[in-house]
Each structure stands twice: as structure tokens, then as C-alpha cells.
Amino acid sequence: AQRVTQPEKLLSVFKGAPVELKCNYSYSGSPELFWYVQYSRQRLQLLLRHISRESIKGFTADLNKGETSFHLKKPFAQEEDSAMYYCALLTGGTSYGKLTFGQGTILTVHP
Amino acid sequence: GAVVSQHPSRVICKSGTSVKIECRSLDFQATTMFWYRQFPKQSLMLMATSNEGSKATYEQGVEKDKFLINHASLTLSTLTVTSAHPEDSSFYICSAWTGRTEAFFGQGTRLTVV
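Residue numbers (this note's numbering), protein chains in the order written: chain A, 79 to 189; chain B, 3 to 116.
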């Protein structure tokens, strides 16, 4: 069965420090993974997806199939990065779009 | 990016009444729409998958007679919480899948049953 695990419910760092939000997955097929972010009082929005291999707002995430991980990283955290972050796994194929979400990690960046 | 509009954003209803929540994709046709329930500072729990013109697929443990989903067109899905009770109070979120590996989310509906 598919599963996404984000082991840290809360993560606090100081501004300028590196940050890593962990995500591990379990899936029998070829995984497609995403990071979504939810800022305070805003809707969930896509941060990045592994197939694009992009860097958004300084965040990157690399899919490690050997470790079944898709950790989100940023070398220098900013206060505006404070938000809830969800790792998500696409199941059912791209024409179907079913996402399985992790439990979420609340990131707080202190000044 | 694409926009998904969810309405209402907040609703308070009396116990025993029904509430309808709408989810519209404003500038694209969604092949599939999804309904989630989110508890405070917790994950999104998928309730059901909605496809235009066919019956919704409910996740295990979700009562289909309580949470009625209608997908009338490629741009509109509705969730009706029937005979609502206080334990149904929650934040409900819809998302629409573009078919191009991206989901767009509505702003959510805060339901309070009193």
C-alpha cells in the first residue's frame, strides 16, 4: 500500500540556518512526488515536483529511490518560509491524479 | 496558474441540517476532483474522488450517504454533508486535477455544526 511519512510534526530553525524537511514514501510503482506548502490562512499550493528537478524559493528536493525519500531542503531559511509543508505521492497515474499526503510538517523560522 | 474556487469559505449550520459545498475550476476543465478533510494542524484525509458523470469513489470509512458528491460538469463538483452533526465540523478542501501532473486546491470551507 502507498504511504507517505513525514516524521517531524514541528520543525524550528533560525533565519539563515539550513533546513531539511524529511519525507519517506512506500509505493510499489514508479513514484511521482510533490511538495505542497500551506501558508497561514492560504490555500495549499504546489511548491515543487520531483520530475521537474526545479528549485522554487530556494527549496530543492531530490528523489532517492534507494532510501525511498524525497527530503525538502533549503540552505538558508527565511522567516517567510514559515508554513505547513506536505509531501505527497501521486498514485493512480497522471490521468487520475490521486495524491496521498504525509502528515505535514509545521516549519517555523525564527528571526 | 489555474484557479479553483470553493464556496462557501465558512458555514455554520444547525445539527441535523444539510450543507452543500461547491468546488469550481474557473479556467480549466478538471478530469478529476477530490474532496479532503483537514483537521487542525494535521494532514489532509482524502474522502472521495469525483469524476464528471459517474459516481464518486469513496475512501474506506467515509460514509457515502452522509457525504454526497455530485459532479455535474467538468468544472463543478459539490459535496453535501447531510444531517450534519457536531463531529462533522471540520475544514473541507477540494482539489481539481488538470491531467498534467498538477493539482490545484480550493481555499477550503470551514464547517461548524452547532
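Glycine is no exception: its CB is placed at the ideal position from the N, C-alpha and C atoms.
Next on the checklist: Quick check: the Cα distance between B:Thr59 and A:Pro85, rounded to an integer number of angstroms?
Outcome noted: By 1-based counting over the second sequence, the position of residue 59 of chain B is 57. By 1-based counting over the first sequence, the position of residue 85 of chain A is 7. Cα to Cα, the separation comes out at about 29 angstroms.
Next on the checklist: Considering Cα atoms alone, identify which of B:Ile14, B:Lys16, B:Trp37 and B:Cys15 is closest to B:Phe107.
Outcome noted: Taking the second sequence and counting its residues from 1, the one referred to as residue 107 of chain B is at position 105. Of the listed residues, the one whose Cα sits closest to B:Phe107 is B:Trp37.
Checklist entry - How would you list, in chain order, the residues of chain B whose beta-carbon sits under 8 angstroms from the beta-carbon of A:Leu177? => result For this step, residue 177 of chain A is matched to residue 99 along the first sequence. Near A:Leu177 (Cβ distances below 8 angstroms), the residues of chain B are Phe36, Leu48, Ser97 and Ala105.
Checklist entry - Do we get a CB-CB distance below 8 angstroms when we pair B:Ser45 with the residues of chain A? => result As a working mapping, residue 45 of chain B is identified with position 43 in the second sequence. Taking Cβ atoms only, chain A reaches closer than 8 angstroms to B:Ser45, which makes this a yes.
Checklist entry - Does any residue of chain A bring its CB to less than 8 angstroms from the CB of B:Gly18? => result Residue numbering aside, residue 18 of chain B sits at position 16 when the second sequence is read from its first letter. Cβ-Cβ to chain A under 8 angstroms: no for B:Gly18.
Checklist entry - chain A partners of B:Gln109, CB-CB under 7 angstroms? => result Stepping through the second sequence from its first residue, residue 109 of chain B is reached at position 107. Those are Arg121, listed as they occur along chain A.
Next on the checklist: Can you find the residues in the same chain that come closer than 8 angstroms, C-beta to C-beta, to B:Thr100, ignoring five residues on each side of it along the sequence?
Outcome noted: On the second sequence, residue 100 of chain B is found 98 positions in, with the first residue counted as 1. Within the same chain, B:Thr100 has close Cβ partners Ala4, Phe30, Ala32, Thr33 and Phe106.
Checklist entry - Among B:Tyr94, B:Gln109 and B:Ala98, which has the Cα closest to the Cα of B:Val21? => result Sequence index remark: in the second sequence, residue 21 of chain B carries index 19 (1-based). Checked all of B:Tyr94, B:Gln109 and B:Ala98; the closest Cα to B:Val21 is B:Tyr94.
Item to check | Below-8 angstroms beta-carbon distance, A:Gly144 vs any chain B residue | outcome: Here residue 144 of chain A is taken as the residue at index 66 of the first sequence, counted from 1. Chain B, which has no Cβ nearer than 8 angstroms to the Cβ of A:Gly144, makes this no.
Item to check | Listed by chain order, chain A residues near B:Thr117 by CB distance under 9 angstroms | outcome: The question about residue 117 of chain B has no answer, for chain B in this structure spans 3 to 116.
Next on the checklist: For B:Leu48 and A:Lys176, what's the separation of their Cα atoms in angstroms?
Outcome noted: Here residue 48 of chain B corresponds to residue number 46 of the second sequence, with the count starting at 1. Here residue 176 of chain A corresponds to residue number 98 of the first sequence, with the count starting at 1. In a straight line, the C-alpha of B:Leu48 is about 9 angstroms away from that of A:Lys176.
Checklist entry - Using the C-alpha atoms, what's the distance from A:Leu185 back to A:Ser118? => result For this step, residue 118 of chain A is matched to residue 40 along the first sequence. For this step, residue 185 of chain A is matched to residue 107 along the first sequence. Their backbone Cα atoms lie some 11 angstroms apart in a straight line.
Item to check | Assigned secondary structure, A:Ser130 (DSSP; H/G/I helix, E/B strand, else coil) | outcome: Mapped onto the first sequence, residue 130 of chain A falls at position 52. Here A:Ser130 sits in helix by DSSP.
Next on the checklist: Strictly below 7 angstroms CB to CB, what residues from chain B border A:Leu124?
Outcome noted: Working through the first sequence from its first residue, we reach residue 124 of chain A at position 46. The answer, in chain order, is Glu104.
Checklist entry - Who pairs with A:Val82 in a beta bridge, going by DSSP? => result Locating residue 82 of chain A in the first sequence gives position 4, where the first residue counts as 1. In DSSP, A:Val82 forms a bridge with A:Tyr103.
Item to check | Separation of A:Leu122 from A:Ala155, as counted between CA atoms | outcome: The residue given as residue 155 of chain A occupies position 77 in the first sequence. The residue given as residue 122 of chain A occupies position 44 in the first sequence. Their Cα atoms are separated by approximately 20 angstroms.
Next on the checklist: Comparing C-alpha positions only, which one of B:Val13, B:His87 and B:Ile23 sits nearest to B:His73?
Outcome noted: For the purposes of this step, residue 73 of chain B is taken as the residue at position 71 of the second sequence. B:His73 has its Cα closest to that of B:Ile23, out of B:Val13, B:His87 and B:Ile23.
Checklist entry - Considering only C-alpha positions, which residue in the set A:Ser130, A:Ile129, A:Leu125 and A:Tyr174 is nearest to A:Cys165? => result One-based indexing of the first sequence puts residue 165 of chain A at position 87. If we check each option's Cα against that of A:Cys165, A:Leu125 comes out closest.
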